[in-house]
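Accompanying notes for the structure given below.
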Amino acid sequence: MADTTALYALRFPDGSVSLYVDEAYAQDRGIDPSQLVRVEIPREMFITGTIQDIREYVALQLEQQPQTGTA
0 MADTTALYAL RFPDGSVSLY VDEAYAQDRG IDPSQLVRVE IPREMFITGT
50 IQDIREYVAL QLEQQPQTGT A
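Numbering (numbering that gives the first Met the number 0) for the sequence shown: 0 to 70.
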């Protein structure tokens, strides 16, 4: 069994983060899949953490990634 679970994230200009279980679900919600970032969530956090814990973890991971998008 893997030690992580992938989620797809979209960070908005105000810093908020939306999470999606896969690209198809995001697309069903009107999100362009090319805007999503795949983030690996530690299995233990995915199982026992709150959604707020996971959002904060994802936000931190996104902050640590190099900026490659447009302004």
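Glycine included, every Cβ here is placed at the ideal spot set by N, Cα and C.
Keep in mind it's a predicted model, so treat the numbers as computed, not measured.
query	result
Let me know if V20 comes out buried or exposed under the rule of 16 or more other beta-carbons within 10 Å of its beta-carbon.	exposed
Specify the secondary structure class of A9 as computed by DSSP and reduced to three states.	The residue you asked about is not Ala; residue 9 is Leu in the sequence shown. Correct three-state label for L9: strand.
Using three-state DSSP, classify V36 as helix, strand or coil.	strand
Which residue comes first and which comes last in the alpha helix (DSSP H) that contains V20?	First-last for V20: undefined, no H or E at that position.
Given this structure, state the Cα-to-Cα distance separating L9 from S33, to the nearest angstrom.	10 Å
Let's test the definition: count the other Cβ atoms within 10 Å of the Cβ of L6 and tell me whether it reaches 16, buried, or not, exposed.	buried
Helix, strand or coil for T49, going by three-state DSSP, please let me know.	coil
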